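Here's the structure, in structure tokens; my notes come after.
Number of protein chains: 2
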Amino acid sequence: MTAATEPGRATRRRGDALLDAIYAAVMEELAEVGYPALSIERVAERARTGKASIYRRWPTRLDLVLGAIDHVMPRLDDVPDTGNIRDDLLLVLRRIGAVMGSRNGIAARACVDGTDDELARAVRERLIPPRKEMMLALLHRAAGRGEINADAVTQRIAETGPMLLHGELLQRGVITDAAISEIVDEVLLPLLRA
Amino acid sequence: MTAATEPGRATRRRGDALLDAIYAAVMEELAEVGYPALSIERVAERARTGKASIYRRWPTRLDLVLGAIDHVMPRLDDVPDTGNIRDDLLLVLRRIGAVMGSRNGIAARACVDGTDDELARAVRERLIPPRKEMMLALLHRAAGRGEINADAVTQRIAETGPMLLHGELLQRGVITDAAISEIVDEVLLPLLRA
DNA sequence: ATTGTAAGAAACGCAACCGTTCCTTATGGT
DNA sequence: ACCATAAGGAACGGTTGCGTTTCTTACAAT
Chain Y
16 MTAATEPGRA TRRRGDALLD AIYAAVMEEL AEVGYPALSI ERVAERARTG
66 KASIYRRWPT RLDLVLGAID HVMPRLDDVP DTGNIRDDLL LVLRRIGAVM
116 GSRNGIAARA CVDGTDDELA RAVRERLIPP RKEMMLALLH RAAGRGEINA
166 DAVTQRIAET GPMLLHGELL QRGVITDAAI SEIVDEVLLP LLRA
Chain W
16 MTAATEPGRA TRRRGDALLD AIYAAVMEEL AEVGYPALSI ERVAERARTG
66 KASIYRRWPT RLDLVLGAID HVMPRLDDVP DTGNIRDDLL LVLRRIGAVM
116 GSRNGIAARA CVDGTDDELA RAVRERLIPP RKEMMLALLH RAAGRGEINA
166 DAVTQRIAET GPMLLHGELL QRGVITDAAI SEIVDEVLLP LLRA
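Chains as they are written, first to last, in this note's numbering: chain Y, 16 to 209; chain W, 16 to 209.
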């Protein structure tokens, strides 16, 4: 009847197009109400699909949410290497901060900080170790160059940057560039050179 | 008919006894399902009272929750003063850590970390500034004694200890004494003496 | 002992979700 | 052009929570 590409009327999607829409809807719901209050019904409505298409694919709410996080959270790829520890730190913290502050980051945080232990553990295991490894790689390289004290490269200090970013977001609601510089210059670098 | 102090049958409470029961029930619910999924119905059931007694007192869910937090979270009283910055830090972080890890601490964290901005802001404003002031008081005294570098006593560093405790709880689920010692000896003291 | 107050319990109509089923028709593959 | 597949929608009965109302009765104050 009407043209296939009518504006208001979304055409019927399959495969990845549909998956993407559902995953996006899950992240939005997570960010807004968190996991315990997330309802399949609203996810379906948001993704402009039916509940059946969701129940057909995921047996439980937990599977759906973990699927969404796996699909949507950026795998971090290249470790920055400017040849300068300060610039490396600024880059990596800015990148982590940007992810944390994004809509998907807020959704993921709602899971990590949330009240469901199983979900929190699963999401933590996915997101935290890679960031920590990245920090450690960076610090080891700097120690090799003699820029920082090799004894200061510990698990604890590798965690400190991301933890402070997280705290910053919790306390102030936003991660500014000034805050990142402060964390680097006032906390991390003094520690690494101690 | 039966004796007034019959064991299984709780007698009808008024005033503070009832208030305490309701507030405790709110904190339990917060810790288990968080704010968006907290229902007045379950709070009433948990407190062994009726919904009417709750609606009679608090106009909204938010008022109820804030009331519970105000009533239940410990006001921190004396600033520790051992004459030694390391011991002061250990004491204060242990105290904060104990509160964070308690049932009420978990409930409060569910609010602070949660998805409701209004609630998160209100709870943050109640809990964070006093802790931060405590840290600052402690650090200023130590600087006065010449134990640490006066230039190192900044807002940021005063926040760092509690933030790392928070991160510790999120990542490992528990705050051990070993973790506190590590934070003090590996992060805070080196920074303060830099 | 009497009396005002509010606790506790039950029920109201209403709305949101649950997880499932059924039907249609658009869509991609052949 | 045909056809198997699954998307999109609607409706199912059941549960949970909403916020309010009503009633009985335990309690505290006098």
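For every residue, glycine included, the Cβ atom is placed at its ideal position computed from N, Cα and C.
Remember, it's a predicted structure, so these values are computed and weren't measured experimentally.
From the options, residue whose alpha carbon lies closest to that of residue i
{"i": "LEU154 (chain W)", "options": "W:LEU91, W:ASP102, W:VAL138", "result": "W:ASP102"}
{"i": "HIS86 (chain Y)", "options": "Y:GLU148, Y:GLY161, Y:LEU106, Y:TYR38", "result": "Y:TYR38"}
{"i": "GLY188 (chain W)", "options": "W:GLY159, W:TYR70, W:VAL80, W:GLY120", "result": "W:GLY120"}
{"i": "ALA46 (chain Y)", "options": "W:SER196, W:ARG27, W:ALA62, W:THR130", "result": "W:THR130"}
{"i": "VAL199 (chain W)", "options": "W:ALA59, W:ARG160, W:ILE100", "result": "W:ILE100"}
{"i": "ARG63 (chain Y)", "options": "Y:ILE172, Y:ARG28, Y:PRO89, Y:VAL168", "result": "Y:ARG28"}
{"i": "ASP92 (chain Y)", "options": "Y:THR26, Y:ASP35, Y:ARG146", "result": "Y:ARG146"}
{"i": "THR193 (chain W)", "options": "W:ALA59, W:ARG171, W:GLY112, W:ILE163", "result": "Correcting the residue type first, residue 193 (chain W) is Ala in the shown sequence and not Thr. When only C-alpha atoms are compared, the closest one is W:GLY112."}
Chain W residues whose Cβ lies nearer than 7 Å to that of residue i
{"i": "MET178 (chain Y)", "result": "MET178, LEU179, GLY182"}
{"i": "GLU47 (chain Y)", "result": "THR130"}
{"i": "ALA52 (chain Y)", "result": "PRO51, ALA52"}
Proximal chain Y residues relative to residue i, where beta-carbon distance stays under 9 Å
{"i": "ASP128 (chain W)", "result": "ARG124, ALA125, VAL127, ASP128, GLY129, LEU185"}
{"i": "VAL202 (chain W)", "result": "ARG171, ILE172, THR175, VAL202, LEU206"}
{"i": "ALA209 (chain W)", "result": "PRO205, LEU206, ARG208, ALA209"}
Separation of residue j from residue i, as counted between CA atoms
{"i": "ASP166 (chain W)", "j": "VAL114 (chain Y)", "result": "33 Å"}
{"i": "GLU43 (chain Y)", "j": "GLY176 (chain Y)", "result": "27 Å"}
{"i": "LEU126 (chain W)", "j": "VAL138 (chain W)", "result": "Here residue 126 (chain W) is Cys; the residue named in the question, Leu, does not match the sequence. Near 7 Å, if we compare the C-alpha coordinates of VAL138 (chain W) and CYS126 (chain W)."}
{"i": "THR97 (chain Y)", "j": "LEU106 (chain Y)", "result": "9 Å"}
{"i": "ASP31 (chain Y)", "j": "ARG110 (chain Y)", "result": "27 Å"}
{"i": "ALA19 (chain W)", "j": "ILE55 (chain W)", "result": "Low confidence applies here, because ALA19 (chain W) scores a pLDDT of 37, under 50, leaving its location unreliable; read the following figure in that light. Taking the straight line from one Cα to the other gives about 29 Å."}
{"i": "ILE190 (chain Y)", "j": "GLU197 (chain Y)", "result": "11 Å"}
{"i": "THR26 (chain Y)", "j": "ASP128 (chain Y)", "result": "37 Å"}
{"i": "TRP73 (chain Y)", "j": "ARG118 (chain Y)", "result": "23 Å"}
{"i": "LEU81 (chain Y)", "j": "ILE143 (chain Y)", "result": "15 Å"}
{"i": "GLY65 (chain W)", "j": "ARG71 (chain W)", "result": "10 Å"}
{"i": "ILE195 (chain Y)", "j": "LEU108 (chain Y)", "result": "7 Å"}
{"i": "ALA40 (chain W)", "j": "PRO89 (chain W)", "result": "17 Å"}
{"i": "GLY159 (chain W)", "j": "THR169 (chain W)", "result": "14 Å"}
{"i": "GLU148 (chain Y)", "j": "ALA36 (chain W)", "result": "46 Å"}
{"i": "ALA59 (chain W)", "j": "ALA67 (chain W)", "result": "9 Å"}
{"i": "ALA135 (chain W)", "j": "ARG141 (chain W)", "result": "10 Å"}
{"i": "ARG61 (chain Y)", "j": "ARG171 (chain Y)", "result": "41 Å"}
{"i": "ILE163 (chain W)", "j": "ARG57 (chain Y)", "result": "55 Å"}
{"i": "MET16 (chain Y)", "j": "THR75 (chain Y)", "result": "Legend: pLDDT at MET16 (chain Y) = 36, less than 50; position of this residue unreliable, no value from coordinates given."}
{"i": "GLY116 (chain Y)", "j": "GLY116 (chain W)", "result": "26 Å"}
Cβ pair residue i, residue j closer than 9 Å
{"i": "ILE84 (chain W)", "j": "ALA52 (chain W)", "result": "no"}
{"i": "LEU77 (chain Y)", "j": "ILE69 (chain Y)", "result": "no"}
{"i": "LEU104 (chain W)", "j": "LEU204 (chain W)", "result": "yes"}
{"i": "ALA209 (chain Y)", "j": "LEU206 (chain W)", "result": "yes"}
{"i": "VAL202 (chain Y)", "j": "ALA152 (chain Y)", "result": "no"}
{"i": "GLU174 (chain W)", "j": "MET150 (chain W)", "result": "yes"}
{"i": "GLY49 (chain Y)", "j": "GLY49 (chain W)", "result": "yes"}
Neighbouring residues, chain Y, relative to residue i (Cβ below 8 Å)
{"i": "ARG139 (chain W)", "result": "LEU185, GLN186"}
{"i": "ILE143 (chain W)", "result": "GLN186"}
Per-residue contacts from residue i into chain W (C-beta, under 8 Å)
{"i": "GLU197 (chain Y)", "result": "ARG171"}
Fill in: Touching by the beta-carbon criterion (3+ pairs, under 8 Å), the segment 181 to 194 of chain Y and the segment 178 to 191 of chain W
They touch, by the three-pair rule.
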